[in-house]
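Only one structure is covered here, and it is reproduced in the block below.
In my numbering, the protein residues as written are -19 to 361.
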């Protein structure tokens, strides 16, 4: 019998307006740090959350110097700030970059050693991390429920995997996502879709993760365009937020594959945002995996609303790729993608980098450096 496991140490509460109840999830007697980014501060969302804590007389400070695709320097600065000011609990408010940086810093703040010890040398955390509440402001990364912190190092995005990395609590609040601009709504939504599809197709997929991935794919296909068209559509925002978290759960337990492996050199060398990279790479990764997961790909097409009645399975599977491309066109990403791929990277170097990623071992179809280079050649034609 195949062993099937599912583990989730993070408590999840998904409800519009749940941020207003944030104090009840905190220790009111200790110093609290909100980790975020400058862009989110400008939206006023950070002040909204901060004021909820101030009203309950919780001592809170803000650290807002998180950068996209955070590297060791970003994490080390946060860790130093935490230690210097004796913070005892942390709130990560933002997208995946903020949450990942906060997860790593919360662990480093209570453990000896350097980030690279845990990222590259397989050192284990000996002490529990600072309690972390993750509040995502995008429906995309799913980082609020994963036991990995992805930090850029040595020109690749490399994860730190450990049970200590999981946030203690995830508060998924669509009210904090209504101001997200259409473009960011689109690429973060495509990121969530890539998590759901890759984890569904991966070698480590199981009935538990399949259920989450299937529901996520179905929900994203139904609600992403609505959220894109009207950011104040709270029903669409909530369903996208929940779908993103479900995709995060599936991704954490079942793993990812070639799409996210290909994204590593693209983000590191071309400095694309992670969501845009996944938007561009997802249909190519799906096309590559067609022969390995035909029946599942056929079902993805059905979940995405394609008219597959009476078609042979082979054609149904191909329609999954076409459905993703059609969704990207509806999100007006196709023209942006056309501009982004007008570069000539080192295809061999990109292929070697992608094939060296641990994630690629979970891909249903084996992929060599040459295979990855050929996919890049098709993209950057």
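Using N, Cα and C, we set each Cβ at its ideal position, and we do this for glycine too.
Buried versus exposed call for residue i [16 or more other C-beta atoms within 10 Å across all chains shown]
{"i": "residue 54", "result": "buried"}
{"i": "residue 346", "result": "exposed"}
{"i": "residue 239", "result": "buried"}
{"i": "residue 129", "result": "buried"}
{"i": "residue 1", "result": "exposed"}
{"i": "residue 319", "result": "exposed"}
{"i": "residue 93", "result": "exposed"}
{"i": "residue 24", "result": "exposed"}
{"i": "residue 269", "result": "buried"}
{"i": "residue 161", "result": "exposed"}
{"i": "residue 340", "result": "buried"}
{"i": "residue 197", "result": "buried"}
{"i": "residue 314", "result": "exposed"}
{"i": "residue 294", "result": "exposed"}
{"i": "residue 113", "result": "buried"}
Whether residue i touches residue j by CB criterion (9 Å)
{"i": "residue 132", "j": "residue 108", "result": "no"}
{"i": "residue 168", "j": "residue 230", "result": "no"}
{"i": "residue 330", "j": "residue 356", "result": "yes"}
{"i": "residue 182", "j": "residue 342", "result": "yes"}
{"i": "residue 244", "j": "residue 333", "result": "yes"}
{"i": "residue 194", "j": "residue 180", "result": "yes"}
{"i": "residue 63", "j": "residue 111", "result": "no"}
{"i": "residue 259", "j": "residue 281", "result": "no"}
{"i": "residue 205", "j": "residue 173", "result": "no"}
{"i": "residue 76", "j": "residue 232", "result": "no"}
{"i": "residue 202", "j": "residue 265", "result": "no"}
{"i": "residue 124", "j": "residue 95", "result": "no"}
{"i": "residue 71", "j": "residue 29", "result": "yes"}
{"i": "residue 277", "j": "residue 119", "result": "no"}
{"i": "residue 383", "j": "residue 176", "result": "This structure cannot speak to residue 383, because the chain is shown only from -19 to 361."}
{"i": "residue 73", "j": "residue 16", "result": "yes"}
{"i": "residue 427", "j": "residue 349", "result": "The structure shown has nothing for residue 427, since the chain only spans -19 to 361."}
Same chain, Cβ closer than 7 Å to residue i, neighbours up to 5 away in sequence not counted
{"i": "residue 99", "result": "131, 133, 138 and 140"}
{"i": "residue 273", "result": "181 and 344"}
{"i": "residue 61", "result": "43"}
{"i": "residue 186", "result": "-16 and 234"}
{"i": "residue 310", "result": "205"}
Whole-angstrom distance between residue j and residue i, CA atom to CA atom
{"i": "residue 127", "j": "residue 11", "result": "25 Å"}
{"i": "residue 436", "j": "residue 222", "result": "As displayed, the chain neither begins before -19 nor continues past 361, which places residue 436 out of reach and without an answer."}
{"i": "residue 69", "j": "residue 150", "result": "14 Å"}
{"i": "residue -4", "j": "residue 324", "result": "44 Å"}
{"i": "residue 336", "j": "residue 142", "result": "20 Å"}
{"i": "residue 352", "j": "residue 251", "result": "19 Å"}
{"i": "residue 255", "j": "residue 163", "result": "10 Å"}
{"i": "residue 48", "j": "residue 246", "result": "14 Å"}
{"i": "residue 215", "j": "residue 78", "result": "25 Å"}
{"i": "residue 136", "j": "residue 248", "result": "6 Å"}
{"i": "residue 84", "j": "residue 121", "result": "16 Å"}
{"i": "residue 253", "j": "residue 189", "result": "26 Å"}
{"i": "residue 46", "j": "residue 263", "result": "30 Å"}
{"i": "residue -13", "j": "residue 146", "result": "11 Å"}
{"i": "residue 67", "j": "residue 86", "result": "10 Å"}
{"i": "residue 58", "j": "residue 14", "result": "11 Å"}
{"i": "residue 26", "j": "residue 288", "result": "45 Å"}
{"i": "residue 312", "j": "residue 299", "result": "20 Å"}
Residues near residue i by beta carbon distance below 8 Å, same chain, minus five either side
{"i": "residue 38", "result": "3, 6, 8 and 12"}
{"i": "residue -1", "result": "28, 29, 32, 115, 151, 153, 155 and 156"}
Which of helix, strand or coil DSSP assigns to residue i
{"i": "residue 321", "result": "coil"}
{"i": "residue -19", "result": "Residue placement at residue -19 is flagged as unreliable, the pLDDT there being 42, under the threshold of 50; the coordinate-derived value follows with that caveat. If DSSP states are grouped into helix, strand and coil, residue -19 belongs with coil."}
{"i": "residue 192", "result": "helix"}
{"i": "residue 343", "result": "coil"}
{"i": "residue 31", "result": "helix"}
{"i": "residue 144", "result": "helix"}
{"i": "residue 52", "result": "helix"}
{"i": "residue 45", "result": "strand"}
{"i": "residue 149", "result": "strand"}
{"i": "residue 363", "result": "Outside the shown range of the chain, which is -19 to 361, sits residue 363, and nothing can be said about it."}
{"i": "residue 120", "result": "coil"}
{"i": "residue 68", "result": "coil"}
{"i": "residue 361", "result": "coil"}
{"i": "residue 74", "result": "strand"}
{"i": "residue 114", "result": "strand"}
{"i": "residue 13", "result": "strand"}
{"i": "residue 369", "result": "No answer is possible for residue 369: the residues shown for the chain start at -19 and end at 361."}
{"i": "residue 337", "result": "coil"}
{"i": "residue 136", "result": "strand"}
{"i": "residue -1", "result": "helix"}
{"i": "residue 125", "result": "helix"}
Neighbourhood of residue i by C-beta distance below 6 Å, restricted to the same chain and skipping five residues each side
{"i": "residue 267", "result": "301"}
{"i": "residue 56", "result": "none"}
{"i": "residue 297", "result": "270, 274, 277 and 278"}
{"i": "residue 178", "result": "236, 237 and 239"}
{"i": "residue 321", "result": "359 and 360"}
{"i": "residue 257", "result": "243, 246 and 247"}
Residue i beta carbon near the ligand SAH (any heavy atom closer than 8 Å)
{"i": "residue 256", "result": "Ligands in the displayed structure: none, and consequently the ligand SAH is not present."}
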